[in-house]
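Every position in the sequence shown, counted from 1, becomes a number in the working numbering once 310 is added. Ideal Cβ positions, reconstructed from N, Cα and C, are used throughout, including at glycine. What follows is a set of notes on a single structure, which appears directly below.
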Amino acid sequence: MKKKREGQGIKEHRTPVRTLDPSNPRIPESSPSFWRDRSVFVTGHTGFKGSWLALWLTELGARVTGYSLAPPTRPSNFEATRLGDRLAGHYEADVRDGKRLAAALAACRPDVVFHLAAQALVRAGYDTPRETFEVNVIGTASLLDAVRELKRPCAVVVVTSDKCYENREQVWGYRESDPLGGYDPYSASKGAAELLVAAYRRSFLNPERLAQHGVRLGSARAGNVIGGGDWGRNRIVTDAVLSLSSRQPVPVRSPGSVRPWQHVLEPLSGYMTLASTMLSSDDPKWCAAWNFGPRPDDEATVQEVVEQFCAAWGGGRWQDRSDPQQPHEAGVLRLSIDKAVCELGWCPRWNLEQAVKRAATWYKSYYRNPNGSMYDACRKEIADYEAARPEQAASPKPHAACPESGA
């Protein structure tokens, strides 16, 4: 049972809300009729989220070209699914290499671009701050310059992070109109990437002048994702899997920290919904920043997630490894998804308990046969997600409201 966390964080006044218009139609993110034969360019396709996205798009009939460094971990979801064999194109290269990136993009001639290539770890940002800024900011500029050179109508979704906001440890979820910031190098690099996207949109890819350039540019800010196939360092599910599989206690650094946890397919469905909506409309309002996170009741502490994972695994325990000397990380981080729910018609489908159970099941299946392919397991996961209705994500407080400001 989840523990109440009333009063955890700073409270402040929030503007009134208006209700969702249920008649507002949207293209389903997983509509085969939309994605079939679309040329899609995905940076970071060898990473955790990128590999799931590329696999999903491939299943929908899209012609997917990936551009990324080699898989960042061993094992990796990219290799476990044998995904490289199913792509229309596969480039192993650095996103900071502007010339090679532009050449790959030109060869792909994309209808949609998803930019996920990044240095994606808070702790790694402390170890390699300059590289973190170079990859996350300069790499994004390289991608957008390549898109501009392409002179081809397309939709571009730049993925940043929920950590792009100036964190005030507040109880309310951050809205897209809240100030950007970043205490640590990783968070600051993501805030800077958002500023860069906004500058390119205003200066070169203005949605009010689509007829001149044809590029629809949006950004996506997602919460902490969990699911099968993540072996990134200092990730709570990775730590849990490695510890439990060797019958060791799970090391937990910040058990009381609150995060907007969600299954990996949740934000990916949001990215796809945003891309399809932008590409299908000339309305400039879609070319903006969007949050994709869980329902409020699925925001949980690290301890709660670990205990749920241990239960789903079939037993286990955790050990508090808190260290007052450890690098700073936010204590409370929440996202408001009102805008995506009301404007895009997007909504989470799986609650936290479902996400944790599915992640545990995926890893158990992998470790039973680590040399086999996990492609079919991922296909089934995607099919189950597509079949789920948003209202099946159990929550006593469903989102049905939008910020009055229309951020």
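Per DSSP, residue i forms a beta bridge with which residues?
i       : result
Trp-628 : Val-560
Phe-424 : Val-352, Val-467
Val-568 : Thr-611, Val-642
Leu-654 : Paired residue(s): none; Leu-654 is not in a bridge.
Thr-383 : Answer by DSSP bridge pairing: none, since Thr-383 is not bridged.
Ile-536 : His-573
Tyr-475 : Leu-490
Ser-529 : Val-468, Ala-599
Would you please state the rounded distance, in angstroms, between the beta carbons of residue i and residue j? I believe it to be under 8 Å.
i       : j       : result
Tyr-685 : Arg-392 : 6 Å
Pro-719 : Pro-700 : Beyond the ends of the chain as shown, which are 311 and 717, falls residue 719; an answer cannot be given.
Leu-447 : Leu-515 : According to the sequence as given, residue 447 is Val; it is not Leu. 17 Å between Cβ atoms; not a contact.
Arg-531 : Thr-470 : 5 Å
Leu-397 : Thr-368 : 7 Å
Trp-366 : Ile-692 : 5 Å
Trp-596 : Gly-528 : 6 Å
Glu-476 : Gly-491 : 3 Å
Val-423 : Phe-351 : 5 Å
Gly-435 : Tyr-496 : 3 Å
Gly-537 : Val-574 : 4 Å
Tyr-493 : His-400 : With a Cβ gap of about 36 Å, Tyr-493 and His-400 do not count as contacting.
Ser-349 : Pro-420 : 5 Å
Leu-554 : Cys-620 : 7 Å
Leu-584 : Leu-654 : 6 Å
Could you please give the first and the last residue of the uninterrupted alpha helix (DSSP H) stretch that includes residue i?
i       : result
Trp-362 : 358 to 369
Ala-433 : Here the sequence assigns Arg to residue 433, which means Ala is not the residue at that position. Unbroken alpha helix (DSSP H) run through Arg-433: 432 to 437.
Leu-578 : 575 to 589
Thr-548 : 546 to 555
Val-507 : 495 to 513
Tyr-695 : 685 to 697
Leu-415 : 408 to 418
Thr-450 : 449 to 460
Thr-671 : 662 to 678
Trp-345 : 342 to 345
Leu-271 : Not covered by the structure: residue 271. The range shown for the chain is 311 to 717.
Looking at the secondary structure, which residues open and close the beta strand (DSSP E) in which residue i lies?
i       : result
Phe-602 : 599 to 602
Ala-403 : Segment: none, Ala-403 is in no beta strand (DSSP E) and carries neither H nor E.
Gly-376 : 373 to 378
Does the contact criterion of 3 or more C-beta pairs under 8 Å hold for the region 514 to 521 versus the region 340 to 347?
no
Are the region 594 to 613 and the region 453 to 461 in contact at 8 Å, needing three or more beta carbon pairs?
no
Counting Cβ pairs, one atom from each stretch, are 3 or more of them under 8 Å apart for the region 553 to 564 and the region 377 to 385?
no
Just checking, does the region 481 to 501 make contact with the region 538 to 552 on the three C-beta pairs under 8 Å criterion?
no
Determine, using beta-carbon pairs with one atom in the region 461 to 469 and one in the region 436 to 447, whether at least three such pairs fall under 8 Å.
no
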